[in-house]
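Asks: The sequence shown runs 833 to 1281 under the numbering used here.
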Amino acid sequence: MSSREGYSVNHLLKFSIPSLVGIFLFMIPLSIQGEITIPVALLASWIQSTFAGVLPEFITSVIILTAVMTFVTKVFKPDWILEKPFLKGLFGVSTVWFWTRMLAMVFVIMTFFEVGPQLIWSDATGGLLFNDLIPALFAVFLFAGLLLPLLLDFGLLELCGALFTKIIKPVFTLPGRSSIDCLASWLGDGTIGVLLTNKQYEEGYYTKREAAVIGTTFSVVSITFTIVVLTLMDLQHMFFQYYLTIVVAGLAAALICPRIPPLSGKQDQYYEHADNHFDEKIPGDISSFKWGINQAVEKAKSTRWAAVIKGGGQNVLDMWMGVIPIVMAIGTVALIVAEYTPVFEFIGAPFILILNLLQIPEAAAAAPSMVVGFADMFLPAVLGSGIESPLTRFVIACVSVTQLIYMSEVGGLLLGSKLPVNFKDLVIIFIERTLITLPIIALMAHLFF
């Protein structure tokens, strides 16, 4: 791809217009009826409310169809699936994911019909996922799958890669193009961030280490959801102090986590099935901005709308059938453990000492909330809402957001994606993020209270 090639106004518009629309849809916060959200999340909410009556049946059908097709592929190995790369990738999964999809089918049938042990389909376990989280994921995946190409395929990442590589690389050990990915993850929604990262990794733009860092370091829940947590804690009047604390603690974790195991031990190798191995080196005889514009326009020129539309549809199916069953299976198991066993209370016991050292009131009551967020990000707020100390409630609210890894959604998405992280990695990263962010959050809480 030559940086010296000329380009017309039409080529420049083909780069700029889709890219600006993508920025607006995924990264610009809007205030709608007093709530802060992004346009894609607004579209997803509209889908949820408009089709609320049929979403349960649709979700159940998709998870069952995924399990059946996976079974057919595993047992009968039909040529019409194995000879088509997309279908083979969708249904030709490993033994672990095969059984995970079977478990997801069992869970979703039990939850839909409310049959079998109640601990599986109750409103605190499978019912929470099936009625609240998964419908939101379905709607977000629809628009994210169709519209993410606006950020990916028309040159925006090439421009940002050239402009920000000198900052992002030394600070966060990431390529410059990840700046858009990280911003979309942070300002928009963690699920969108994971999907964007996974797509870039599969296409050969991130190494295994870079993809693992981005997927586990920047995928924050949406601003709207942070407000829900703060409201449950009865601290909505402190949103500015709350979000400032999240940003400071989150940046500290983003500086440290990529430099320690397990993330530092990931290989700087590209996805084995990717044709492209991306290089952000800029020639010495051209400015970063000009090089970035040239690269962006060349990318836009080579993009065909037919391929974008086809790829968008495949993205949606990949997310619906590849990720949703994982979330249903793993999320339900995690929530059952959190709700019906003392596991998280036992694991949280050491945090009593840490919270006492940090002079956090009601340390014994707060300790389980330091670890229960691994099952679901909302559980710490549920456990901590009854604590009297506003300082302690503030700490719990901030920690629950900055931990990032929770199995009912982002954790399930990470495991269901092609990103090079496993369950053990997620456990370790969750603990690291908690230990890194907790002292910072406690310090800022003492300043505010």
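Backbone N, C-alpha and C define an ideal beta-carbon position, used for all residues, glycine too. No experiment lies behind these values; they were computed from the predicted model shown.
1) Just to confirm the assignment: which complete alpha helix (DSSP H) runs, minimum length 4, are found wholly within the region 1201 to 1237?
2) Nearest-angstrom Cα distance between residue 998 and residue 1162?
3) Taking the DSSP output, what are the residues bridged to residue 1102?
4) Applying the 10 Å Cβ sphere with the 16-neighbour rule, what's the burial state of residue 904?
5) Assign residue 1007 to one of two classes, buried (16 or more other C-beta atoms within 10 Å of its C-beta) or exposed (fewer than that).
6) By Cβ distance below 6 Å, which residues in the same chain neighbour residue 990 in space, the five residues on each side in sequence not counted?
7) Under a Cβ-count criterion, where at least 16 other Cβ atoms within 10 Å of its own Cβ denotes burial, should residue 1091 be classed as buried or exposed?
8) Where does the unbroken alpha helix (DSSP H) through residue 1078 begin, and where does it stop?
9) Which same chain residues, not among the five before or five after residue 892, have their C-beta less than 6 Å away from its C-beta?
10) Compare the C-alpha of residue 1137 against each of 1208, 982, 938 and 861 and name the closest.
11) Which two residues bound the contiguous alpha helix (DSSP H) that contains residue 839?
12) Does DSSP classify residue 943 as helix, strand or coil?
13) Return the chain-ordered ranges of every alpha helix (DSSP H) run that is complete within the region 1107 to 1144 and spans a minimum of 4 residues.
14) Relative to the alpha-carbon of residue 1096, which residue among 1048, 1062, 1184 and 1139 has its alpha-carbon at the smallest distance?
15) Taking the C-alpha atoms as reference points, what is the distance between residue 1167 and residue 1244?
16) Looking at residue 1010 and residue 1034, is the spacing between their C-beta atoms short of 8 Å?
17) Would DSSP call residue 1151 helix, strand or coil?
18) So residue 1311 and residue 1226 are in contact, right, with Cβ under 8 Å, and what is the actual spacing, rounded?
19) Contact check, residue 1084 vs residue 1230 under 8 Å by CB: the rounded distance?
20) If you check the beta carbons only, do residue 775 and residue 872 fall under 8 Å apart?
21) So for residue 1254, helix, strand or coil by DSSP?
22) Using a Cβ distance threshold of 8 Å, determine whether the region 970 to 980 contacts the region 1022 to 1037, with at least three qualifying pairs required.
23) If you drop the 5 nearest sequence neighbours on each side, which residues of the same chain put their C-beta closer than 6 Å to that of residue 1190?
24) Round the Cβ separation of residue 1179 and residue 1197 to the nearest angstrom and send it over; I've been treating them as touching at under 8 Å.
25) Taking residue 1028 as the reference, which of 1240, 936 and 973 has the closest Cα?
26) Return the chain-ordered list of same chain residues with a C-beta closer than 6 Å to the C-beta of residue 851, the five sequence neighbours on each side being excluded.
27) Counting C-beta neighbours from all protein chains within 10 Å, is the total for residue 947 16 or more, i.e. buried, or is it exposed?
28) Can you tell me whether DSSP reads residue 1182 as helix, strand or coil?
29) Could you check whether the region 914 to 924 touches the region 951 to 967, counting it as contact only if at least three pairs of C-beta atoms, one from each stretch, sit closer than 8 Å?
30) Assign residue 911 to one of three DSSP states: helix, strand, or coil.
31) Where residue 969 and residue 1234 are concerned, what is the direct C-alpha to C-alpha distance, given to the nearest angstrom?
32) Classify residue 1264 as buried or exposed, calling it buried when 16 or more other Cβ atoms lie within 10 Å of its own Cβ.
Replies: The relevant details are as follows:
1) Taking only runs of at least 4 residues, the alpha helix (DSSP H) segments lying wholly in the region 1201 to 1237 are 1211 to 1216 and 1222 to 1234.
2) Here the alpha carbon of residue 998 sits roughly 39 Å from the alpha carbon of residue 1162.
3) Under DSSP, residue 1102 takes part in a beta bridge, and its partners are 1039.
4) Its Cβ having fewer than 16 others within 10 Å, residue 904 is exposed.
5) Buried, because 16 or more other Cβ atoms sit within 10 Å of the Cβ of residue 1007.
6) So the qualifying residues of the chain are 1127, 1128 and 1131.
7) Exposed, since its Cβ has fewer than 16 Cβ neighbours within 10 Å.
8) Per DSSP, residue 1078 belongs to the alpha helix (DSSP H) from 1071 to 1088.
9) Excluding residues within five positions, the ones whose Cβ falls inside 6 Å are 940 and 944.
10) Its Cα nearest to that of residue 1137, the residue 982 stands out among 1208, 982, 938 and 861.
11) It is not in any alpha helix (DSSP H) - residue 839 carries neither H nor E in the DSSP assignment.
12) For residue 943, the three-state secondary structure derived from DSSP is helix.
13) Listed in chain order, the complete alpha helix (DSSP H) runs (minimum 4 residues) inside the region 1107 to 1144 are 1120 to 1134.
14) Nearest option by C-alpha distance: 1048.
15) Rounded to whole angstroms, residue 1167 and residue 1244 show a C-alpha spacing of 12 Å.
16) Contact flag unset, no.
17) In this structure, DSSP gives residue 1151 a helical state, which the three-state scheme calls helix.
18) What the structure shows of the chain is the stretch from 833 to 1281, and residue 1311 is not part of that stretch, so it cannot be assessed.
19) The Cβ separation is near 12 Å, so there is no contact.
20) As displayed, the chain neither begins before 833 nor continues past 1281, which places residue 775 out of reach and without an answer.
21) In the structure shown, residue 1254 sits in coil (DSSP, three-state: anything other than H, G, I, E or B).
22) Touching, yes, given that three or more Cβ pairs across the two stretches are closer than 8 Å.
23) If we look at residue 1190 and ignore the five residues flanking it on each side, its Cβ neighbours are 1274.
24) At roughly 16 Å, the Cβ-Cβ gap does not stay under 8 Å, so residue 1179 and residue 1197 are not in contact.
25) Measuring from the Cα of residue 1028, the nearest candidate turns out to be 973.
26) Only 986 and 988 meet the Cβ criterion.
27) Residue 947 comes out exposed.
28) In the three-state reduction of the DSSP assignment, residue 1182 falls in the helix class, which pools H, G and I.
29) Touching, no, given that fewer than three Cβ pairs across the two stretches are closer than 8 Å.
30) When DSSP states are grouped into helix, strand and coil, residue 911 belongs to the helix group.
31) A straight-line Cα-Cα distance of about 20 Å links residue 969 and residue 1234.
32) Classification for residue 1264: buried.
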